[in-house]
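A short worksheet on the structure shown next.
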Amino acid sequence: MNLFGFALGNLYRRPARSSLTIAAISLGVASIVALTSIAWGFEASWQRANDARGTDLIVTRLASENAMPSPFLADKLQATLKGYPHVQEVVGLLSEMLSVGDNAPPVFVFGWEYRSYLWQHLRLIDGHLPANDTDADIVLGSLAAELLHKKVGDSVEIEGRQFLIRGIFDSPAVVENGAVVMTLTLAQQITDKPGKVNILNIKLDDHASDSVIDDFKTRVRETLPGYLAITSGELVRKNAVVRISKAMSNATTLIASLVGALVVFNTMLMSINERTREIGLLLALGWQRQTIVKLIVSESVVLSLAGGLAGILIGIAIAGGLEHVELMRGKIEAVFSMPFLIAILGLSVVLGVAGGLYPALKAARMLPSQALRQE
Amino acid sequence: MVRIENVALHFDDGKTTALNGISATVEEGEFVAIVGPSGCGKSSLLNVIGTLERPTTGEVYFRCQPYSNIADASLFRRQHFGFIFQSFHLIPTLSALDNVVVATIGCPGPAREHTQRARQLLAQLGLRDRIDHFPRTMSGGERQRVAIARALINNPDLILADEPTGSLDSVSTEQVLGVISEIRQQRGISIVVVTHDPEVSGRADRVVSMRDGKIEPGKEYRQ
Numbered sequence: 005m006n007l008f009g010f011a012l013g014n015l016y017r018r019p020a021r022s023s024l025t026i027a028a029i030s031l032g033v034a035s036i037v038a039l040t041s042i043a044w045g046f047e048a049s050w051q052r053a054n055d056a057r058g059t060d061l062i063v064t065r066l067a068s069e070n071a072m073p074s075p076f077l078a079d080k081l082q083a084t085l086k087g088y089p090h091v092q093e094v095v096g097l098l099s100e101m102l103s104v105g106d107n108a109p110p111v112f113v114f115g116w117e118y119r120s121y122l123w124q125h126l127r128l129i130d131g132h133l134p135a136n137d138t139d140a141d142i143v144l145g146s147l148a149a150e151l152l153h154k155k156v157g158d159s160v161e162i163e164g165r166q167f168l169i170r171g172i173f174d175s176p177a178v179v180e181n182g183a184v185v186m187t188l189t190l191a192q193q194i195t196d197k198p199g200k201v202n203i204l205n206i207k208l209d210d211h212a213s214d215s216v217i218d219d220f221k222t223r224v225r226e227t228l229p230g231y232l233a234i235t236s237g238e239l240v241r242k243n244a245v246v247r248i249s250k251a252m253s254n255a256t257t258l259i260a261s262l263v264g265a266l267v268v269f270n271t272m273l274m275s276i277n278e279r280t281r282e283i284g285l286l287l288a289l290g291w292q293r294q295t296i297v298k299l300i301v302s303e304s305v306v307l308s309l310a311g312g313l314a315g316i317l318i319g320i321a322i323a324g325g326l327e328h329v330e331l332m333r334g335k336i337e338a339v340f341s342m343p344f345l346i347a348i349l350g351l352s353v354v355l356g357v358a359g360g361l362y363p364a365l366k367a368a369r370m371l372p373s374q375a376l377r378q379e
Numbered sequence: 144m145v146r147i148e149n150v151a152l153h154f155d156d157g158k159t160t161a162l163n164g165i166s167a168t169v170e171e172g173e174f175v176a177i178v179g180p181s182g183c184g185k186s187s188l189l190n191v192i193g194t195l196e197r198p199t200t201g202e203v204y205f206r207c208q209p210y211s212n213i214a215d216a217s218l219f220r221r222q223h224f225g226f227i228f229q230s231f232h233l234i235p236t237l238s239a240l241d242n243v244v245v246a247t248i249g250c251p252g253p254a255r256e257h258t259q260r261a262r263q264l265l266a267q268l269g270l271r272d273r274i275d276h277f278p279r280t281m282s283g284g285e286r287q288r289v290a291i292a293r294a295l296i297n298n299p300d301l302i303l304a305d306e307p308t309g310s311l312d313s314v315s316t317e318q319v320l321g322v323i324s325e326i327r328q329q330r331g332i333s334i335v336v337v338t339h340d341p342e343v344s345g346r347a348d349r350v351v352s353m354r355d356g357k358i359e360p361g362k363e364y365r366q
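Residue numbers (our numbering), protein chains in the order written: chain A, 5 to 379; chain B, 144 to 366.
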């Protein structure tokens with residue numbers, strides 16, 4: 005038996021308290037993992053959608069903070085931007101969250117300019133892309149098809165109008181997989197926003213360097229008041245929903261950490277109060293005070309690490325479950341990274357040390373003769 | 144080995160006096176019994192010798208080293224003293240073996256060697272078959288022998304025993320006293336025992352009688 009084995013034994017001999025402490029910590033850690041992974045996933049998914057489309061820059065309304073910026077009339081602006089150096093394509097995009105069919109959860113409906121480069125990254129699983137700009141044809145992301153229980157050749161009703169499903173596709177981005185895609189003209193018609201887009205996607209030629217991108221941004225800022233040119237990453241980070249979800253996950257992390265540390269603190273304080281005589285005995289046997297500190301802190305770290313590990317597993321399960329809730333499917337995805345999970349374990353160790361340090365120091369300061377007399 | 148010079152020990156801001164100007168010595172290899180009525184300061188004196196209590200005034204020397212100069216009392220205890228208590232103070236959730244090994248945690252050397260030594264000690268004390276048993280399944284005499292093994296595991300120079308037979312029946316008392324005598328003969332360890340039991344004090348080299356925090360003059364005798 006060594007110090008660590010003794011610490012484990014001390015936790016094992018109080019199974020109810022140890023289990024409850026681990027459960028409390030794991031719930032806190034699970035909420036951190038689930039919320040953070042979804043906040044990151046939300047950001048990553050929109051970023052991936054923009055990247056997959058091959059967009060180099062996005063022009064949008066300066067003050068818009070929505071997930072999809074407020075619509076604006078595009079024609080004149082589009083023509084101006086096409087005249088900028090190195091610009092290959094300027095493509096309008098309109099998006100709306102709409103109910104599709106009866107009793108189905110709302111889905112993203114994207115309107116993309118017919119035959120623009122935006123369509124090129126879609127991998128068709130079945131059927132075809134819309135054949136022209138005006139027929140009431142749509143394509144569905146694979147998740148949307150699953151959610152709506154539709155296949156190629158079926159029709160769906162959107163905003164009181166029937167649409168024929170021409171194809172089903174796969175995209176690298178969950179938000180697209182869970183979406184309906186139609187031509188921009190149709191999207192403008194059904195949302196009653198003729199000539200309007202949320203963003204203009206700019207594709208530059210192969211010779212465009214970083215300085216070209218910077219020049220483009222500067223030129224938009226200086227010559228097109230009220231508009232802004234940004235990269236897709238900047239657009240996502242500017243997104244109010246992304247910022248709110250990140251703020252929520254940060255707040256959850258802070259609150260869960262404080263609660264976790266308090267739970268460990270309370271458990272260890274109760275534990276040493278119950279074990280006063282035992283600690284007195286160990287001191288009488290010649291245990292040095294730092295060994296007592298190591299023992300108590302080891303116990304608290306083991307508790308919080310176990311809670312951290314369990315919390316990570318529960319958090320992954322919760323986030324995975326949320327991804328499959330019908331209302332959320334195709335709109336959120338959880339992103340887990342190994343550095344994040346390691347950081348969570350690191351946070352668990354910090355919680356253990358923070359929660360266990362005061363009880364440990366209190367135990368180490370006991371006078372052995374008094375502690376041995378305690379009933 | 145131990146020299147106590149004019150030691151006083153007060154509690155509650157001086158309202159309670161446990162020791163009142165005690166001076167005494169313990170020689171190398173000597174077995175000293177401290178006797179006296181309850182509350183006379185016997186256990187307090189043992190605690191002061193064992194560095195579990197700091198005297199309010201006076202000084203204690205161990206092999207000429209003053210206690211007031213000891214930087215780490217825990218380490219000093221581990222290096223020089225072994226404690227035996229009336230109520231055994233075994234940890235109920237540890238086996239007999241682990242109750243002995245627990246005293247070696249934090250000591251230099253591999254844990255494997257400490258465990259081996261604990262096994263040997265328990266075997267020497269007649270507990271070879273009880274090594275994996277827990278205190279609740281052992282008799283009082285067996286528990287006290289485990290406590291003796293724990294006191295011996297770090298090779299102390301001085302055993303400090305507080306009523307070691309106080310919770311034992313006559314058979315167990317005889318067993319434990321036999322063990323203590325054997326240890327003394329084999330290892331030459333000094334022993335200071337606080338006791339009410341004439342059986343125990345009868346085996347000591349010297350008996351010191353205490354009353355009201357003082358050594359009773361004229362009542363210290365050699366046997």
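Cβ atoms here follow ideal geometry from the backbone N, Cα and C, with glycine treated the same way.
Bridge pairing for Thr187 of chain A: A:Trp116 [DSSP].
In the structure shown, the three-state DSSP call for Leu98 of chain A is strand.
Contacts with chain A at 8 Å (Cβ-Cβ) do not include Val322 of chain B.
Remark: three or more beta-carbon pairs, one from each stretch, lie closer than 8 Å, so the region 224-236 of chain B and the region 295-315 of chain B are flagged as touching. Contact with chain A is found for His232 of chain B, since one of that chain's Cβ atoms lies less than 8 Å from the residue's Cβ. Residues of the region 285-296 of chain A with a Cβ closer than 8 Å to any Cβ of chain B, in chain order: Leu285, Leu286, Leu287, Ala288, Leu289, Gly290, Trp291, Gln292, Arg293 and Thr295. Judged by DSSP secondary structure, Asn212 of chain B falls outside any beta strand (DSSP E); it is assigned neither H nor E. Measuring C-alpha to C-alpha distances from Pro19 of chain A to each of A:Ser35, A:Gln374, A:Ala347 and A:Ser275 identifies A:Ser275 as the nearest. Assigned with DSSP and collapsed to three states, Tyr88 of chain A falls in coil, not helix or strand. Taking 8 Å as the CB threshold, Asn277 of chain A stays off the interface with chain B. Closer than 8 Å to the CB of Leu7 of chain A there is at least one CB belonging to chain B. Close partners of Asn190 of chain B in chain A (Cβ separation under 7 Å): Ser373. Within the region 171-228 of chain A, the complete alpha helix (DSSP H) runs of at least 4 residues fall at 178-181, 188-194 and 214-227. Under DSSP, Lys298 of chain A takes part in no beta bridge, so it has no partner. Neighbours of Ser217 of chain B in chain A, taken as residues whose beta carbon is under 7 Å from its own, are Leu287, Gly290, Trp291, Gln292 and Arg293 in chain order. Interface with chain B (8 Å Cβ-Cβ cutoff): Arg17 of chain A is included.
By the beta-carbon neighbour count (other beta carbons within 10 angstroms, threshold 16), Tyr16 of chain A is exposed.
A Cβ of chain A is located within less than 8 Å of the beta carbon of Ala246 of chain B. Gln328 of chain B carries a helical assignment under DSSP once its states are collapsed to helix, strand and coil. Excluding residues up to 5 positions away in sequence, Val104, Gly105, Leu152, Lys154, Phe167 and Ile169 lie with their Cβ nearer than 7 Å to the Cβ of Val160 of chain A in the same chain. Following the DSSP letters along the chain, one finds His276 of chain B in no beta strand (DSSP E), marked with neither H nor E. Counting only runs that start and end inside the region 243-329 of chain A, the alpha helix (DSSP H) elements of at least 4 residues fall at 244-278, 280-288 and 293-328.
Secondary structure of Val156 of chain A (DSSP, three-state): coil.
Under the Cβ criterion of 8 Å, Thr200 of chain B is not counted among the residues facing chain A.
Residues are counted here when their Cβ sits less than 7 Å from a Cβ of chain A; for the region 145-163 of chain B the count is zero.
According to the DSSP secondary-structure assignment, Asp305 of chain B is paired through a beta bridge with B:Val337. Contact of Phe205 of chain B with chain A by beta-carbon distance below 8 Å is absent, the smallest such distance being about 14 Å. Counting along the chain, the unbroken alpha helix (DSSP H) around His257 of chain B starts and ends at Ala254 to Gln267. Residue contact with chain B for Phe112 of chain A: absent (no Cβ-Cβ distance below 8 Å to any residue of chain B). Ala151 of chain B is bridged by DSSP to B:Asn163 and B:Thr200.
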